[in-house]
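J.: Our numbering applies: residue 6 is where the sequence shown begins, and numbers increase by one.
Beta carbons are placed, not taken as given, at the ideal position from N, Cα and C, and that holds for glycine.
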Amino acid sequence: MDSAALEHAVTSLRERLPFTPDVMLVLGSGLGALADAVEDRIEIPFAEVPGFPSAGVVGHAGRYVAGTLEGRTVLVQSGRFHVYEGHPASLVIAPIRIGAGLGIDTILLTNAAGGVNRGFVPGDIMLIEDHLNMMGRNPLIGDAAEGEERFPDMSVAYDAELRALAESVALERAVPLRRGVYAAVTGPTYETPAEIRMLSLLGADAVGMSTVPEVIAARARGMRVLAFSLITNHAAGISLDPLSHDEVLETGKAAAETFGGLVRGVLRRLGESDAG
Ligand code: HPA
Numbered sequence: 006m007d008s009a010a011l012e013h014a015v016t017s018l019r020e021r022l023p024f025t026p027d028v029m030l031v032l033g034s035g036l037g038a039l040a041d042a043v044e045d046r047i048e049i050p051f052a053e054v055p056g057f058p059s060a061g062v063v064g065h066a067g068r069y070v071a072g073t074l075e076g077r078t079v080l081v082q083s084g085r086f087h088v089y090e091g092h093p094a095s096l097v098i099a100p101i102r103i104g105a106g107l108g109i110d111t112i113l114l115t116n117a118a119g120g121v122n123r124g125f126v127p128g129d130i131m132l133i134e135d136h137l138n139m140m141g142r143n144p145l146i147g148d149a150a151e152g153e154e155r156f157p158d159m160s161v162a163y164d165a166e167l168r169a170l171a172e173s174v175a176l177e178r179a180v181p182l183r184r185g186v187y188a189a190v191t192g193p194t195y196e197t198p199a200e201i202r203m204l205s206l207l208g209a210d211a212v213g214m215s216t217v218p219e220v221i222a223a224r225a226r227g228m229r230v231l232a233f234s235l236i237t238n239h240a241a242g243i244s245l246d247p248l249s250h251d252e253v254l255e256t257g258k259a260a261a262e263t264f265g266g267l268v269r270g271v272l273r274r275l276g277e278s279d280a281g
C-alpha cells in the first residue's frame, strides 16, 4: 500500500473509532481469543479497510477490534497478512502503519513459534529480547512512509522498560517467562533440522513466520514495542515428531488463558505506570 492508500485507511478508521487507542495488540495464530474479551467493542473486518484485499481473496483475513481491555483503550489486530501468503511486505506492515497513523505509540505483539532453544518446551512463553530477520528482505525497502525514519535504529527494538514491566507481571502471576531471540523466516514450509541447527548457531531461541516485519515498521515510527512468542512446538529435528499446524493451534488454545492473563496484566500495569 502506498502513502495515499494508507492515509485513506487511517482517515476511514479514525471516522469509525470514538477514541485514539492507547495500545495496539497484535494476536498470533491460536491466540485470537483475547479479542473476544474487549469491551464496548467496534469490529472492523479487514475487508472493510480501504486498500486491504477483499475477504474473498484472502479467506478469513482478520479484523481490527477496538474497545477497552483492562482499563486501556486498545486496537486489537486479530489475524495478519503473512509473507508466505504472497502478500507484498507493504501490505504485511500496513496494519501497523495504520495503527501508528492513528497516533498509537505502544504496540504489543504475539506469535506462535517453534522452540529452537533445547531448554524450551511447548507451552512456554518467551519474551522477545531481540530478533534475526531471516526473511531475506527488509519491509521498509522502497519509499519511506509519512513520518517514518529512513534508517531506523534497531539497537533496542524491544523496549527495555516494557520488558522489565512484563517480567514483573509474569513474576506476580507466577507465569514462568523465557527470554530470547526470535528468528523470522518466510515459510510456508517449516524448517529442516539443518536450518534449525543453523538458526541455533546464529543465536536464535525461537523461530516463526511473522512479527519481525511489523516490529521493524513500528520502530520506524518510533513506537514502543513489546512482543511475546508462545512456543507451540519443538523446532524441527529437536523432537522426532513431525511438525503440524494443528499442533501449533492446539498448543495456542491450551495456553490461551495463561497467555491472555499475562497480556492483560501488562495492559493493566501500563495504565498504572502511564497514570503515575
Ligand atoms: N517454525 C516456524 N514457524 C512456526 C513454528 C516453527 O516450528 N511453530 C509455529 N510457527
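1. Are at least three pairs of beta-carbons, each pair with one atom in the segment 148–168 and one in the segment 200–215, less than 8 angstroms apart?
2. For F86, tell me which candidate among P100, V126, E75, G119 has the shortest Cα-Cα distance.
3. Taking only runs that begin and end inside the segment 7–41, name each unbroken alpha helix (DSSP H) of 4 or more residues, in chain order.
4. Which residue marks the beginning of the alpha helix (DSSP H) containing P198, and which one marks its end?
5. So is the beta-carbon of T237 under 7 angstroms away from any non-hydrogen atom of ligand 1?
6. What alpha helix (DSSP H) runs, 4 residues minimum, are completely inside the segment 222–249?
7. Just to confirm, is the Cβ distance from L170 to V271 under 8 angstroms?
8. Is S59 buried or exposed, if buried means 16 or more other CB atoms sit within 10 Å of its CB?
9. How should S173 be labelled, buried or exposed, when 16 other C-beta atoms within 10 angstroms of its C-beta is the threshold for buried?
10. Which residue wins for smallest C-alpha separation from A38, given the options R269, G276, N238?
11. Any heavy atom of ligand 3 closer than 7 angstroms to the Cβ of Y195?
T.: Reading from the atomic positions:
1. Counting Cβ pairs under 8 angstroms, fewer than three are found: no touch.
2. For the options P100, V126, E75, G119, the alpha carbon positioned closest to that of F86 is the one of P100.
3. As far as the segment 7–41 is concerned, its whole alpha helix (DSSP H) runs of at least 4 residues are 8–21.
4. Run containing P198: 198–207, per the alpha helix (DSSP H) assignment.
5. For ligand 1, at least one heavy atom lies less than 7 angstroms from the Cβ of T237.
6. Fully enclosed alpha helix (DSSP H) runs of 4 or longer: not present.
7. At a Cβ-Cβ threshold of 8 angstroms, L170 and V271 count as neighbours.
8. Around the Cβ of S59, a 10 Å sphere holds fewer than 16 other Cβ atoms; the residue is exposed.
9. Per the 10 Å Cβ criterion, exposed.
10. Comparing alpha carbon positions, the residue from R269, G276, N238 closest to A38 is R269.
11. By its list of ligands, the structure shown excludes ligand 3, since it contains just ligand 1.
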